[in-house]
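Respectively, the protein sequence lines represent chains B and W. With numbering that gives the first Met the number 0 as the guide, the letters of the first sequence map in order to residues 0 to 353. With numbering that gives the first Met the number 0 as the guide, the letters of the second sequence map in order to residues 0 to 249. Don't be surprised by glycine CBs; every beta carbon is placed ideally from N, CA and C. To start, the structure itself, in structure tokens.
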Amino acid sequence: MNKIFISGNHTFGEAAIRAGCKCYFGYPITPQNELGEYMADRLRKSGGIFVQSESETAAINMVVGASAAGARVMTSSSSPGISLKQEGISFLAGFELPAVIINVMRGGPGLGNIAPAQGDYFQATRGGGHGDYRTPVLAPASVQEIADLTIVAFEIADKYRTPVMLISDGMMGQMKEPVIFPEHVKDLPQKEWALSGRGKGKSRYLASLILDPLEMERHNWKLVRKYKEIEKNEVRHEEYMMEDAEIAVIAYGTTARIAKGAIKRVRSEGIKAGLIRPITLWPFPSRALKDISERIKKFIVFEMSTGQMLEDVQLALAGKASVSFHGRPGGVIPTPAEFARYIYRENQKENKCL
Amino acid sequence: MNLKNKWPKYYKKDVVTHYCPGCGHGIAHRIVAEVLEELDVGDRAICVNPAGCAVLAYRYFDIDMLESAHGRGTAMATGIKRARPDLFVFSYQGDGDLSAIGTAETIHSANRGEHISVIFINNAVYGMTGGQMAPTTLVGQKTTTSPSGRNPDYEGYPLHITDVVASFPGVVYAERVAVDTPAGIRKTKKAVTNAFRCQIDGIGYSIVEILSPCPTNWKMNTIESYKWVTEEMTKEFPLGVLTDKREKKK
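Written out as structure tokens, the structure reads:
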């Protein structure tokens, strides 16, 4: 497969088709419209189903139906639309149905704006909808990684029978980069659990209503055991210039790219900074952070929000290292120069204390 | 006359009903189960059941079932049918589910002409939550949230959603029936048969609205409640075929 120049939003779509996604249901919202448009054309041409729903709520419930029938299925939206999908995501978690949900984040709360932001971290990693569940969350930081992780998302979804969220932002969605797509997935997993009519066998049902509290509790603990498996097997992160680092920057997605630029700048001034980039936001690479805190005592969290992943970093470090935070919410994209200045100042503070 | 009791193939045996005495759901369930068998589609059928009294319908129907979030039945049915057009997909929904919280899903699935069938139980109240006012509650009808009777100036008028969707080109068959009398029950079975056939023939969306008694929440005895369907509900919701475009579509 040749290298092609393609946007993030189109890449989500193309990668999903290559992952064997059979159905896409969605509702227009900026800055992810190109994804739905891509599916309207390409998914249908490849024999799949595209339906433009009447709402985000309807879209996610169409996803539930198609998933229950055994199809690889996806929906996408941006922040306000993802709020509307949370009902269905909770049902997917309760039913234990696989699906891929893409959030191309924008500024908020409310309608906010259409500029890139990372304000939906809590919503994505804490479950988002009602009830006691988790959603695996993948955060690509390049268009190539969008292609690779979209396929991983379908695999995790099917392997653990869970909704999986891919989280990016308006910049990742709109930006074009060279991408080499993986080959079409040939062998899709068999789904014996899918509803397909009882045939000559026993009838089955999928219900999330479990009136007996003890039985509901059993279901909750069953989900927890699954989440423990995911925490054990699926944590992903990248380390950049960490070998000799004395300051660890934690950033994901777009901010991780900006952080890399800033790290190069401060290194030219002799400040040994490095980057730990969580690729999975849940499960969070807490273990890696904890291990690194054995030798590095200064952590800087960098987000396009007012400080959400910050809390996961604080939990992971459990007071073993100092944590400071630089954030630009509301759709403001910080520059590498700006963040380099922040690292530089933090480094100076540290030296003064010494 | 052959009165031999024949148990429908797709209705589970030896289950105790959770429906109240006199409730119309049991009759509607049995009709659906009989039609699934007569049209020979039960083996490939998936029923999407609602949030509401029929949330436990999987206890009775011996076919594959998917519970829906409140009001989202026809969106879920859309997902199933689009992913697996070979399956026979129908939703079974109450009036709160279908014509209040699920209005958008109902209207747009109908307007897309999804190849699904909808069984719509209209009992003019929210049953499972204890008898609150529904969009279908009659003018003057007392409920727990319209304690002095539904006042159109304050609560608006009963919503005729089946009439709304019947006007859509994609809706091939829509009929309103009632399970208030033996004749009504026979008509209901015929309506369900016509509706299900539309899907088997692949000609589009069909809906059957079934007026059904809820003696518990209407605070009536069974006989009064069946009379109330006949005498009061049918005045607001006249019975009959609301649209039949089967010939045009074939």
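Start and end residues, alpha helix (DSSP H) containing residue i
i	result
P151 (chain W)	151 to 154
K227 (chain B)	212 to 232
C197 (chain W)	181 to 199
R266 (chain B)	252 to 267
F153 (chain B)	142 to 159
Cutoff 9 Å: residue i Cβ touching any chain W Cβ
i	result
I48 (chain B)	yes
A58 (chain B)	yes
E86 (chain B)	yes
R203 (chain B)	yes
D17 (chain B)	Note on residue identity: the sequence assigns Arg, not Asp, to residue 17 (chain B). So no, R17 (chain B) is outside the interface.
K21 (chain B)	yes
V184 (chain B)	no
E191 (chain B)	no
K44 (chain B)	no
G64 (chain B)	yes
E53 (chain B)	yes
F153 (chain B)	no
G130 (chain B)	no
M38 (chain B)	no
G69 (chain B)	yes
Residue i burial status per 10 Å Cβ neighbour count (16 or more: buried)
i	result
V14 (chain W)	exposed
Y132 (chain B)	buried
G198 (chain B)	exposed
E55 (chain B)	buried
S166 (chain W)	exposed
E95 (chain B)	buried
G201 (chain W)	exposed
V223 (chain B)	exposed
A190 (chain W)	buried
D40 (chain B)	exposed
D179 (chain W)	buried
Any C-beta of chain B under 9 Å from that of residue i
i	result
L97 (chain W)	no
H24 (chain W)	no
V14 (chain W)	no
H28 (chain W)	no
A53 (chain W)	no
L38 (chain W)	no
H114 (chain W)	no
T128 (chain W)	no
H159 (chain W)	no
T229 (chain W)	no
The beta strand (DSSP E) enclosing residue i, as first and last residue numbers
i	result
A173 (chain W)	170 to 177
D63 (chain W)	63 to 66
I5 (chain B)	2 to 6
M73 (chain B)	72 to 76
Q92 (chain W)	87 to 93
Integer Cβ distance of residue i from residue j, believed to fall under 8 Å
i	j	result
G101 (chain W)	G70 (chain W)	3 Å
M64 (chain W)	Y204 (chain B)	4 Å
H24 (chain W)	C52 (chain W)	6 Å
V255 (chain W)	T192 (chain W)	No information on residue 255 (chain W) is available, as it lies outside the stretch 0 to 249 that chain W covers here.
M61 (chain B)	F24 (chain B)	4 Å
T136 (chain W)	T128 (chain W)	At roughly 13 Å, the Cβ-Cβ gap does not stay under 8 Å, so T136 (chain W) and T128 (chain W) are not in contact.
G128 (chain B)	I88 (chain B)	5 Å
Any chance the stretch 95 to 111 of chain B sits against the stretch 159 to 170 of chain B, with 3 or more Cβ pairs inside 8 Å? yes
If we count Cβ pairs, one from each stretch, closer than 8 Å, do we get three or more for the stretch 86 to 99 of chain W versus the stretch 108 to 123 of chain W? yes
Pairing CB atoms from the stretch 234 to 242 of chain B with CB atoms from the stretch 275 to 284 of chain B, are three or more of them under 8 Å? yes
Can at least three beta-carbon pairs, one atom from the stretch 25 to 35 of chain W and one from the stretch 302 to 313 of chain B, be found at a separation below 8 Å? no
Pair every Cβ in the stretch 121 to 128 of chain B with every Cβ in the stretch 54 to 67 of chain B, then say whether three or more of these pairs are closer than 8 Å. no
Quick check: the stretch 39 to 47 of chain W against the stretch 179 to 199 of chain B, are there 3 or more CB pairs under 8 Å? yes
Report yes or no: do the stretch 316 to 332 of chain B and the stretch 107 to 119 of chain B share at least 3 C-beta pairs separated by less than 8 Å? yes
Contact between the stretch 2 to 9 of chain B and the stretch 127 to 146 of chain B: three or more CB pairs below 8 Å? yes
Between the stretch 166 to 184 of chain W and the stretch 224 to 243 of chain W, do at least 3 Cβ pairs fall closer than 8 Å? yes
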